Amino acid sequence: MEFTKLFSQSEVERVHEASLEILENVGMMVRNQKALTIFAINGCRVDMETMMVKFPREVVEKARKTFVPTYTFTAQDPKFDVTMPGDRPIVVTGSSAPNIIDPETGEERRATSDDIANIAYLINELPGFDVFSISTLADDAPEGQFSLSRFYPALKNCKKPVRSNTPNMEDLKAVLELGALIAGGEEEYRKRPFINHHYCPVVSPLTFDVESTEAVIYLLEEGLPVYGTIVPNAGMTSPLSLMGTLTLGNAEFLGLATLTQMIRPGAPMIYAVLSTVADMRTGAYAPGAIETGMLQMAHTEMARYYNIPSGGYIGLTNAHSNDAQSGYETGMNTTGALLAGADLFNMGGLLGSLMAFDFAKAVIDNEIALMLKRMKKGFEYSEENLCLDLIAKVGPGGSYMDLDHTMKNMRTIAVLPKVATREMRRRWEDQGKPDAHSRAMKEAAKILSKPNKSRFSEELDAKVRGHFKGLVAGDAKWSL
Amino acid sequence: MSVQNIYAGVVEFNIDKVVSLVEAEIKNGTDVSEILSNGLIAAMDEVGQRYSEGEFFVPEMLMAAKAMKAGLEVLKPLLSQGESEKKGTIIIGTVKGDLHDIGKNLVSMMMEGAGFEVYDLGVDVDTEKFLATAKEKKADVICMSALLTTTMPFMEVTVKAIREQGLSFKTMVGGAPVSEDFAKKIGADGWSTDAPGAVETARKLTAK
Chain A
1 MEFTKLFSQS EVERVHEASL EILENVGMMV RNQKALTIFA INGCRVDMET MMVKFPREVV
61 EKARKTFVPT YTFTAQDPKF DVTMPGDRPI VVTGSSAPNI IDPETGEERR ATSDDIANIA
121 YLINELPGFD VFSISTLADD APEGQFSLSR FYPALKNCKK PVRSNTPNME DLKAVLELGA
181 LIAGGEEEYR KRPFINHHYC PVVSPLTFDV ESTEAVIYLL EEGLPVYGTI VPNAGMTSPL
241 SLMGTLTLGN AEFLGLATLT QMIRPGAPMI YAVLSTVADM RTGAYAPGAI ETGMLQMAHT
301 EMARYYNIPS GGYIGLTNAH SNDAQSGYET GMNTTGALLA GADLFNMGGL LGSLMAFDFA
361 KAVIDNEIAL MLKRMKKGFE YSEENLCLDL IAKVGPGGSY MDLDHTMKNM RTIAVLPKVA
421 TREMRRRWED QGKPDAHSRA MKEAAKILSK PNKSRFSEEL DAKVRGHFKG LVAGDAKWSL
Chain V
1 MSVQNIYAGV VEFNIDKVVS LVEAEIKNGT DVSEILSNGL IAAMDEVGQR YSEGEFFVPE
61 MLMAAKAMKA GLEVLKPLLS QGESEKKGTI IIGTVKGDLH DIGKNLVSMM MEGAGFEVYD
121 LGVDVDTEKF LATAKEKKAD VICMSALLTT TMPFMEVTVK AIREQGLSFK TMVGGAPVSE
181 DFAKKIGADG WSTDAPGAVE TARKLTAK
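Residue numbers (full-length UniProt numbering), protein chains in the order written: chain A, 1 to 480; chain V, 1 to 208.
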């Protein structure tokens with residue numbers, strides 16, 4: 001498959017050059033002391049007072065030399081390990097929404113650890129999803145267990161790679177302790193670190209924050225998996241032009257990548273972004289806008305120039321229900337990104353620009369994910385697939401219905417959707433005119449009303465609960 | 001009417017015009033509270049109105065607030081102590097762990113535009129700093145902002161601390177993930193979806 005190209009080679013090189021100019025002349029503000037020291041030791045011009053860091057181009061170019069082209073998400077169950085770019089597209093849930101659309105009432109409310117358990121189980125079962133990024137917060141978290149109340153139900157109910165963030169070092173260490181406990185020891189855990197950490201350490205424009213940067217440094221030093229997403233918002237935190245935002249975002253990525261390679265040369269990275277254009281009428285955040293997809297495509301082209309995997313939060317929607325807007329925003333933006341060659345799609349399950357999880361949205365996004373994977377698989381060009389013998393055998397006026405060839409391919413050649421309807425209108429009317437949302441909810445209920453076979457064993461669960469006192473229940477249960 | 005022209009200058013976000021007109025009016029001997037109330041503050045009410053109706057985009061509201069502030073700076077030395085304090089004193093900041101400040105800055109500007117005494121503590125502000133400044137400045141309202149869903153819990157920490165210490169400060173919360181339900185749940189006194197709404201809420205909370 002040839003990827004869509006938006007720029008000529010010289011234009012790509014100019015964006016890179018321009019990014020180096022920004023890093024060298026404007027620099028970045030680094031609000032984390034450890035990061036300042038690392039930059040200073042490794043050749044950046046650092047003003048410890050103002051926390052300003054200027055990057056000589058050779059420092060960035062040196063970091064580029066140790067970039068690696070692959071990134072692996074490790075799972076509790078090795079059969080779910082995925083590596084980019086080979087396994088692209090890697091489809092991930094959207095994460096850390098405070099709310100959920102209650103499956104029973106349809107009303108938005110704060111999400112809880114029980115919701116996370118249900119979501120984790122659902123994502124474990126939906127084949128389109130590769131990684132479970134913990135979709136929501138847990139409003140019922142006991143004091144001091146903000147992150148444990150998210151990671152415990154997630155890891156307990158989903159054997160796919162689990163990804164998320166933590167707000168501070170204390171929480172991060174508690175989560176790593178949980179990982180080691182599940183793996184059967186710290187050493188065992190380090191062999192297969194199945195918690196995939198993600199942060200947004202760069203706050204646009206051109207600033208490293210305190211806590212997330214601290215976490216990223218710690219995880220890199222420990223040799224554990226971590227990557228960051230760059231999130232410029234045109235008109236607010238970056239220039240109100242697509243080129244300006246692409247270039248600023250690219251500079252910010254290079255800044256983070258340089259820090260990463262300084263700490264651990266050869267550390268795997270993802271060129272991950274959520275570059276958006278603000279709706280200047282109100283300042284509203286617009287991750288569902290078509291410009292988000294365009295910016296992702298452009299960043300992906302830059303990532304290809306650097307030969308590292310790319311992607312980000314692509315396929316989000318601003319819609320508050322599973323309506324047409326929700327479908328076209330997710331569909332158009334992910335299609336663009338896939339055709340441009342993006343590897344990672346943080347797209348599943350969230351409505352209202354990352355504010356609320358919806359079970360039906362996750363099921364619909366699973367179907368979109370399967371369509372994207374189908375597109376990626378492509379035409380499988382070969383002489384055999386031209387089917388010339390078959391075409392000659394059937395001849396004009398015949399039928400392909402009853403051929404072995406058709407029988408062999410009929411379950412694999414096309415996506416067989418569970419949400420999209422292909423019924424005749426009359427039959428659909430007889431069924432009560434179900435829309436995509438209600439068909440998707442039915443699919444979610446079908447999965448979640450069965451017991452979760454992938455859940456922790458009783459023995460492991462007892463061990464975890466014995467170690468962390470007062471943990472939330474963290475069990476998937478469905479009452480619909 | 002030149003106070004009317006000051007009003008127009010703010011609505012056209014013409015900083016130079018506002019500054020020179022305010023200076024001229026002061027020379028003319030116009031009552032400073034007249035310039036403040038009917039010129040600058042009234043103009044910002046109009047700006048808020050136009051924004052709510054979709055006529056003004058955010059950058060226009062921001063530029064108008066800047067013009068208003070420039071006029072206010074000229075006026076400030078002449079305002080009596082009571083004049084600047086009677087609208088109320090606001091402490092504002094982005095909560096601990098969070099560096100996102102665009103929304104907070106806009107609210108801060110609009111609060112100033114509405115005549116409040118505003119102390120903006122910037123970003124990554126912890127409870128101790130909110131409370132210490134509020135005590136020092138005898139604040140009426142503490143306004144807390146967060147963009148990250150993971151930093152929202154720090155709002156509750158501050159609200160709790162105020163209650164535990166028996167302090168009288170009112171609290172307002174805002175930011176993309178903050179909802180009315182969340183505000184109620186953590187016991188905050190006020191909440192708003194946007195900057196003009198935040199001004200309205202602050203007015204209600206400080207009404208004596």
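All C-beta atoms in this analysis are idealised placements derived from N, C-alpha and C, irrespective of residue type, glycine included.
In this text, all values refer to a predicted model and were calculated from it rather than measured experimentally.
Using a Cβ cut-off of 7 Å, which residues of the segment 197-211 of chain A contact any Cβ in chain V, in chain order?
So the list reads Val203, Thr207, Asp209, Val210, Glu211, given in the order they occur along the chain.
Determine, for A:Gly331, whether the minimum Cβ-Cβ distance to residues of chain V falls below 8 Å.
It does not: the Cβ of A:Gly331 has no partner Cβ on chain V nearer than 8 Å.
What residue range is occupied by the uninterrupted alpha helix (DSSP H) comprising V:Phe182?
Element bounds for V:Phe182: 180-186.
Quick one: which residues of the segment 281-300 of chain A get their C-beta closer than 7 Å to a C-beta of chain V? List them in chain order.
Answer set for the segment 281-300 of chain A: Arg281, Thr282, Gly283, Tyr285.
Three Cβ pairs or more, each shorter than 8 Å: is that satisfied between the segment 255-264 of chain A and the segment 279-289 of chain A?
Counting Cβ pairs under 8 Å, fewer than three are found: no touch.
Please report how far the alpha carbon of A:Gly474 lies from the alpha carbon of A:His467, in whole angstroms.
So the alpha carbons of these two residues sit roughly 15 Å apart.
Roughly how many whole angstroms lie between the Cα atoms of A:Lys393 and A:Phe379?
So the alpha carbons of these two residues sit roughly 22 Å apart.
Grouping DSSP H, G and I as helix and E and B as strand, with all else coil, what is A:Gly398?
Looking at A:Gly398 - three-state DSSP - the assignment turns out to be coil, as it is neither helix nor strand.
For chain V, check one thing: does any of its Cβ atoms lie closer than 8 Å to the Cβ of A:Thr237?
Closer than 8 Å to some Cβ of chain V, the Cβ of A:Thr237 qualifies, so yes.
Buried or exposed for A:Leu388, please, with buried defined as at least 16 other CB atoms from any protein chain shown within 10 angstroms of its CB.
Burial call: exposed.
Determine the contact status of A:Ser135 and A:Leu350, defining contact as a CB-CB distance below 8 Å.
Cβ distance < 8 Å, so A:Ser135 and A:Leu350 count as in contact.
Please name the residue, chosen from V:Val173, V:Lys204, V:Leu62, V:Ser33, that lies closest to V:Val11 on a Cα-to-Cα basis.
Comparing Cα positions, the closest option is V:Leu62.
With DSSP collapsed to three states, give me the class of A:Gly86.
Coil.
Answer yes or no: do V:Ile142 and V:Ile91 have a C-beta to C-beta separation smaller than 8 Å?
It is a contact, given that the beta carbons lie within the stated cut-off.
With a threshold of 8 Å between beta-carbons, can V:Gly93 be considered close to chain A, or not?
Not an interface residue.
Could you give the uninterrupted runs of the alpha helix (DSSP H) lying entirely in the segment 195-272 of chain A, keeping only those of 4 residues or more?
Segments of the alpha helix (DSSP H) lying fully in the segment 195-272 of chain A: 211-221, 242-263.
Just the chain V side, please: which residues come within less than 8 Å of A:Pro232 by C-beta, in chain order?
Ordered by position in chain V, no residue passes the 8 Å Cβ test against A:Pro232, which lies about 12 Å from the chain.
Could you check if A:Arg281 is buried or exposed, using at least 16 other CB atoms within 10 Å of its CB as the buried criterion?
With fewer than 16 Cβ atoms within 10 Å of its Cβ, A:Arg281 is classed as exposed.
Using only alpha-carbon positions, find the residue among A:Pro193, A:Asp209, A:Thr4, A:Glu108 that is nearest to V:His100.
Nearest C-alpha to V:His100: A:Asp209.
DSSP state of A:Thr300, grouped into three classes?
Here A:Thr300 sits in helix by DSSP.
Measuring CB to CB, does residue 481 of chain A end up less than 8 Å from A:Val273?
Not covered by the structure: residue 481 of chain A. The range shown for chain A is 1 to 480.
Is the beta carbon of V:Lys87 within less than 7 Å of some heavy atom of the ligand ZN?
Absence of the ligand ZN is noted for the structure shown, with no ligands found whatsoever.
Rounded to a whole number of angstroms, what is the C-alpha to C-alpha distance between A:Thr292 and A:Asp358?
A:Thr292 and A:Asp358: Cα-Cα distance of roughly 22 Å.
Does DSSP classify A:Thr105 as helix, strand or coil?
Correct three-state label for A:Thr105: coil.
Check for me: the alpha helix (DSSP H) holding V:Ile102 runs from which residue to which?
Residues 102-113.
Out of V:Leu205, V:Lys204, V:Ala195, point me to the one whose CA is closest to A:Gly283's CA.
With distances taken between Cα atoms, A:Gly283 lies closest to V:Ala195.
Taking V:Pro153 as the query, report the chain A residues whose CB atoms sit under 7 Å from its CB, ordered along the chain.
Near V:Pro153 (Cβ distances below 7 Å), the residues of chain A are Phe146.
Counting Cβ pairs, one atom from each stretch, are 3 or more of them under 8 Å apart for the segment 52-60 of chain A and the segment 21-38 of chain A?
In short, these stretches touch, since the Cβ pair count reaches three.
Step through the CB atoms of chain A and report whether any lies within less than 8 Å of the CB of V:Gly54.
It does: the Cβ of V:Gly54 has a partner Cβ on chain A nearer than 8 Å.
Flag V:Pro59 as yes if its beta-carbon sits less than 8 Å from any beta-carbon of chain A, otherwise no.
By this cut-off, V:Pro59 is an interface position.
Using a Cβ-Cβ cut-off of less than 9 Å, give me the residues of the segment 94-119 of chain A that come near chain V, in sequence order.
Hits within the stretch, in order: Ser96, Ala97, Pro98, Asn99, Glu108, Arg109, Arg110.
Quick check: what's the CA-CA separation for A:Val202 versus A:Glu17?
Those two C-alpha atoms are separated by around 20 Å.
Which residue marks the beginning of the alpha helix (DSSP H) containing A:Ser479, and which one marks its end?
Per DSSP, A:Ser479 belongs to no alpha helix (DSSP H) and is neither H nor E.
Who are the neighbours of V:Ala161 on chain A, taking C-beta pairs under 7 Å?
Within chain A, no residue comes near V:Ala161; the closest Cβ sits about 15 Å away, beyond 7 Å.
Could one say the Cβ of A:Leu137 lies closer than 8 Å to chain V's Cβ atoms, at least one of them?
At least one chain V Cβ lies under 8 Å of A:Leu137.
Going by CA-CA distance only, name the one from A:Gly244, A:Thr237, A:Pro205, A:Ile195 that's closest to A:Pro225.
Out of A:Gly244, A:Thr237, A:Pro205, A:Ile195, A:Ile195 has the C-alpha closest to the C-alpha of A:Pro225.
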